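Report on one structure; see the data block that follows.
Numbering (my numbering), first residue to last: 129 to 378.
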């Protein structure tokens, strides 16, 4: 049985101007601390989907029970470690399954569907092995392939008094059609497409009730929740511009 890396939690998203994002950041500073990756870092995700874009369509129509399959790295270029993730939604609640694995073995594993514990960053971790099996089951179920890559700058914070409370600010979101996995590039830089055009995506994530100070911020700034799927928006933009996304090869 797979082991979730987080309990079910609620995620609320807002789209902000840079000025409003800075003002909200200033208001929350005494309640939050930077997460373990540091205050600001690069997130790169390759989204995987079926040939018919089943997962994209589920998200686009707002299906309440759905999931995403993605590969994620941190930093400006992939290092030796990649995270294989299933992000699962049940009604309005979200939880994530993830396992850290070896980047240099990734292309072979996804192409041949053959792997062992040496593929994992922590080979002796049984929970990681269960999550690897779960990822590959989902991967095989839909004959998944790489569709699009999303990259952005993330500033992430955890609650000082509520460790399960998390806030992220995502800036400079760009997307690329995928030109392969495991080649050290993860996308085609000369045809990157900006997505949010100066807007900042604020995500508020909590396993329980929002702290009072956050409720006050939402009210004081008149924040309005927005449905915002990076995978859906980025892939649709690539499609609208005629980018080839369905012929990507592992």
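Backbone N, C-alpha and C define an ideal beta-carbon position, used for all residues, glycine too. Since this is a predicted model, take the numbers as computed values, not measurements.
Assuming residue 267 and residue 283 make a contact with CB atoms under 8 Å, what is their CB distance in whole Å?
-> The C-beta distance from residue 267 to residue 283 rounds to 31 Å, too long to meet the 8 Å contact threshold.
Would you decide whether residue 415 is buried or exposed? Buried here means 16 or more other CB atoms lie within 10 Å of its CB.
-> A query on residue 415 cannot be resolved here, the shown segment of the chain reaching from 129 to 378 and no further.
Can you tell which of 329, 345, 194, 249 has its C-alpha closest to the C-alpha of residue 144?
-> Closest in alpha carbon position to residue 144, among 329, 345, 194, 249, is 329.
Would residue 240 be called buried (16 or more neighbouring beta carbons within 10 Å of its own) or exposed?
-> Flag for residue 240 reads exposed.
Whose C-beta lies closer than 7 Å to the C-beta of residue 365 among residues of the same chain, with five residues either side of it excluded?
-> Excluding sequence neighbours, residue 365 sits near 303, 321, 323.
With distances taken Cα to Cα, identify the nearest neighbour of residue 327 among 309, 348, 354.
-> Measuring C-alpha to C-alpha distances from residue 327 to each of 309, 348, 354 identifies 354 as the nearest.
Beta-bridge pairing of residue 138 - partner residues as DSSP gives them = Answer is 221, 334.
Give the C-beta separation of residue 100 and residue 197 to the nearest angstrom, bearing in mind that I take them to be a contact with Cβ-Cβ under 8 Å.
-> The first residue shown for the chain is 129 and the last is 378, placing residue 100 beyond what the model contains.
Separation of residue 194 from residue 209, as counted between CA atoms = Cα-Cα distance, rounded: 27 Å.
Classify residue 364 as helix, strand or coil using the three-state DSSP reduction.
-> Of the three classes helix, strand and coil, the one that applies to residue 364 here is helix, per DSSP.
Have a look at residue 311 and residue 301 and give me their C-alpha separation to the nearest angstrom.
-> Its pLDDT being 48, under 50, residue 311 is placed unreliably by the model, and nothing is read from it.
Would you tell me roughly how many angstroms separate the C-alpha atoms of residue 136 and residue 225, rounded to the nearest one?
-> The straight-line gap from Cα to Cα measures roughly 11 Å.
By Cβ distance below 8 Å, which residues in the same chain neighbour residue 219 in space, the five residues on each side in sequence not counted?
-> Contacts found: 192, 193.
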